[in-house]
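Following UniProt numbering, the numbering of the sequence shown begins with 1 at its first residue and continues without gaps.
Beta carbons are placed, not taken as given, at the ideal position from N, Cα and C, and that holds for glycine.
One structure is given here, and the rest of the page talks about it.
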Amino acid sequence: EECPICSEVFNESPNCPRLLNCGHTCCEDCLNQVIVDTQITCPTCRSISVAPSPANLPKNYIVLEFIANKKSTEKPTGTRAKFSSKCEKHPEETVIRYCIEDSLPLCADCILDHGGHKLVKLDDPVLELRFEVKGLVENVKEMLQTTEEKKQDVLGKKQSIGQAVMREIDRIDSSFAAIYEKLEARKNELKKKIEVQAMDCENKINDDMEALEDFSEQLQQYLAKLQALSNTIVSMSTKELANSSEWAQRITISKREVHVLFSNCQKLGTLDPSSLFSSKTLFNTKPLEQEISKFGVVSLGGDMLNPTIYCFGTQNTVLKFHLGTQRWSQTVIQEPNGYEFKNFASIAALPNGNILITGGTKSNEVYEYTEGKMIKRCNMLHVRSSHNAVYHNGFVYCIGGYNGSSWHDKCEKISIETNSPMPIASLNYKRCAFSSCVAGNCIYVFGGYDGSKYLDNIERYNVTKNKWEVLPCVLHRPLQNTGAACYSENKIMIAGGYNEKGTLNLVRSLDLETLEWTNLPNMNFTRYLMNKFHCCGGCVFAIGGTAQGQNIEYYNVSEGRWICLRSYRELTEDTMYKWAAVITDEPH
């Protein structure tokens, strides 16, 4: 019942207990001191909660109720303070005894009506102990009632998730209704993915219900134990109680046990339906026949079974964020085989889930990361850092960059089959620290730095023709270190970046058919996003690159808003400015 930050006891104000998204509780007064913009970092688990102010977070009514109950059962300074000095039945008489059987204070006249009952003086120790046990019994009864209510709430969540699953199944059915019979197999595959996710959700709900059932049974058993203790104390004489401190000690132990039970009770039944089942199935309404296998994507992970963000920036470890579990982890590279991470390297995800790491400061080396080890594949034709590497149709294209003394317009591609580099057409403009992405059969590059100025021009590479062309449109301002991702058919998102005026959080969308720009909601933070901006399953992820905290956020395309994810501060305090990140399918 104390705030983990200031250790003050919770109350209605100013130390009102506010419930964070992670389930932990802190007082409103302390949260007002730690909130940054709209982000509140939990002092216990370091997860992020987003709210305009702490007052917008829900109150923890279980804590408030527990405090109120505790106050009502706290031991008073004297037993007489619990009763009026005058008898309710005979107002002219003074209360002198207490009837254990009927739980009533008695005057001299009332005593005549309670013949044979166990009567004690108002300052008798047995009365004090009885009231304490009674208070504990009431607390456990209330927790039992709360647990039953939580069980009903969990059942409601299960039903709600079931309805959400059915809605998604219906959307899939209606989307496939107009498609030829050859799409039937793909439709069933997508439905199976939804059902697997639904089964996982149901398993989590069932686990939660089982935990509640077990806790309910534990409370029933403990309630019986307390009632037995109460009966034992009531049946004992004052002398027996006075000659032994055992009973007071048992009451003290029971208090601690009830406090533990309360803590456990607070942790149960807190599943959020929106975090259990939030998948959306995305569709391209104009698929080519050869693209049928790609029609329909179950987000957040797209066609990936276990989509994971991989972050490279240290010598012997890889940071990973699992989109399914929303958890960060760290993997040691067991077999580096000569690999050393170089700042401003560029990486590309391969179809088999492996990752190709290219160049970096004064380096032309190419390594492939697979299952915790590095394999040297080849050397690029040129030393490159602050360049871009993208995968397309069996090749990783390495574009532009800086070689330590000059800026590149030279480009090359590396065959994944033969691990051999070969030159391709050069850029029209030398550039490093730019952004790029693949859309259709073309590669687009945006802005960058040419050694003397920031760039706003955009180039497009036609893979079939091996030719770069400068587009007639430009960025809204000259920028380097932006992020670029093709997030929808014929649309590329540009986010963040830097120029002489500072780092940006602006986001814009380029329509590749009309070459017109559209403003999108800004990110929550300003970011450097070169090699750290990727699309996956209907969402676009901005990874690190901000001086405002160790975090990532994603843009939900269907909802049109940016959402912050769990911070990676527990693993490193680096801003990831010089890092590279990619999203790929982690092996099972």
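Next on the checklist: For Asp-450, which residues in the same chain have their Cβ closer than 7 angstroms to its Cβ, ignoring the five residues on either side in sequence?
Outcome noted: Trp-407, Tyr-429, Lys-430, Arg-431
Next on the checklist: Going by DSSP, what residue range makes up the alpha helix (DSSP H) through Asp-200?
Outcome noted: 184-235
Checklist entry - Alpha carbon to alpha carbon, what distance is there between Val-9 and Ile-111? => result 43 angstroms
Next on the checklist: Quick check on this structure: which residue in Gly-359, Leu-455, Phe-321, Asn-203 has the alpha carbon closest to the alpha carbon of Tyr-339?
Outcome noted: Gly-359
Next on the checklist: Do Ala-547 and Thr-572 have their beta-carbon atoms positioned less than 8 angstroms apart in this structure?
Outcome noted: no
Item to check | Beta-carbon proximity of Val-445 to Ala-485, cut-off 8 angstroms | outcome: no
Item to check | Buried versus exposed, by CB contacts within 10 Å (16 or more), Arg-327 | outcome: exposed
Next on the checklist: I'd like to know whether the C-beta atoms of Glu-28 and Cys-16 end up nearer to each other than 8 angstroms.
Outcome noted: yes
Item to check | Where His-534 falls: helix, strand or coil (DSSP) | outcome: strand
Checklist entry - DSSP on Glu-101, reduced to helix/strand/coil? => result coil
Checklist entry - Do you know how far the Cα of Glu-138 is from the Cα of Glu-12? => result 22 angstroms
Item to check | Per-residue DSSP class, three states only, for Tyr-577 | outcome: coil
Next on the checklist: Under 8 angstroms, Cβ to Cβ, is there at least one residue of chain B near Val-396?
Outcome noted: Among the chains in the structure shown there is no chain B, since it carries only a single protein chain.
Item to check | Reduced DSSP secondary structure (H/G/I, E/B, other) of Gln-548 | outcome: coil
Next on the checklist: Since Cys-564 and Asn-505 should fall inside the 8 angstroms C-beta cutoff, what is the C-beta to C-beta distance between them, to a whole number of angstroms?
Outcome noted: Not really, about 13 angstroms apart at Cβ, beyond 8 angstroms.
Checklist entry - Run through DSSP, which three-state label would Thr-464 get? => result coil
Item to check | Cβ-based burial, Leu-300 [other Cβ within 10 Å; buried from 16] | outcome: In this prediction, Leu-300 has a pLDDT of 38, which is less than 50 and means its spatial position is unreliable; nothing more can be read from the coordinates.
Checklist entry - Quick check: the region 193-202 against the region 220-240, are there 3 or more CB pairs under 8 angstroms? => result no
Checklist entry - Hey, would you say Leu-104 sits closer than 8 angstroms to Leu-119, going by beta carbons? => result no
Checklist entry - Distance, Cα to Cα, Tyr-402 vs Ser-488? => result 31 angstroms
Item to check | Check whether Thr-308 and His-322 have beta carbons under 8 angstroms apart | outcome: yes
Next on the checklist: In whole angstroms, give me the CA-to-CA distance for Gly-135 and Glu-101.
Outcome noted: 17 angstroms
Checklist entry - Can you tell which of Tyr-554, Gly-560, Lys-578 has the C-alpha that lies nearest to the C-alpha of Ser-567? => result Tyr-554
Checklist entry - Would DSSP call Arg-18 helix, strand or coil? => result strand
Checklist entry - Among all the DSSP beta bridges, which residues are the ones paired with Tyr-498? => result Gln-480, Thr-503
Next on the checklist: Can you tell me whether Cys-6 is buried or exposed? The criterion is at least 16 other CB atoms within 10 Å of its CB, across all chains shown.
Outcome noted: exposed
Checklist entry - Could you check where the beta strand (DSSP E) with Trp-328 kicks off and where it finishes? => result 327-332
Checklist entry - From the DSSP output, which residues share a beta bridge with Asn-457? => result Val-474
Next on the checklist: From the DSSP secondary-structure annotation, give me the bridge partner or partners of Glu-2.
Outcome noted: Val-9
Checklist entry - In terms of alpha-carbon separation, which member of Lys-453, Ile-414, Lys-465, Asn-457 lies closest to Ala-425? => result Lys-465
Next on the checklist: Let's test the definition: count the other Cβ atoms within 10 Å of the Cβ of Lys-532 and tell me whether it reaches 16, buried, or not, exposed.
Outcome noted: buried
Next on the checklist: Quick check: what's the CA-CA separation for Thr-41 versus Gly-549?
Outcome noted: 10 angstroms
Item to check | C-beta contact flag for Leu-64 and Leu-19 at 8 angstroms | outcome: no
Item to check | Local conformation of His-90 per DSSP, three classes | outcome: coil
Checklist entry - Can you list, in chain order, the residues of its chain whose CB lies under 6 angstroms from that of Val-396, leaving out five sequence neighbours each side? => result Ala-348, Leu-356, Ala-389, Ile-414
Next on the checklist: Going by DSSP, what residue range makes up the alpha helix (DSSP H) through Thr-238?
Outcome noted: 238-242
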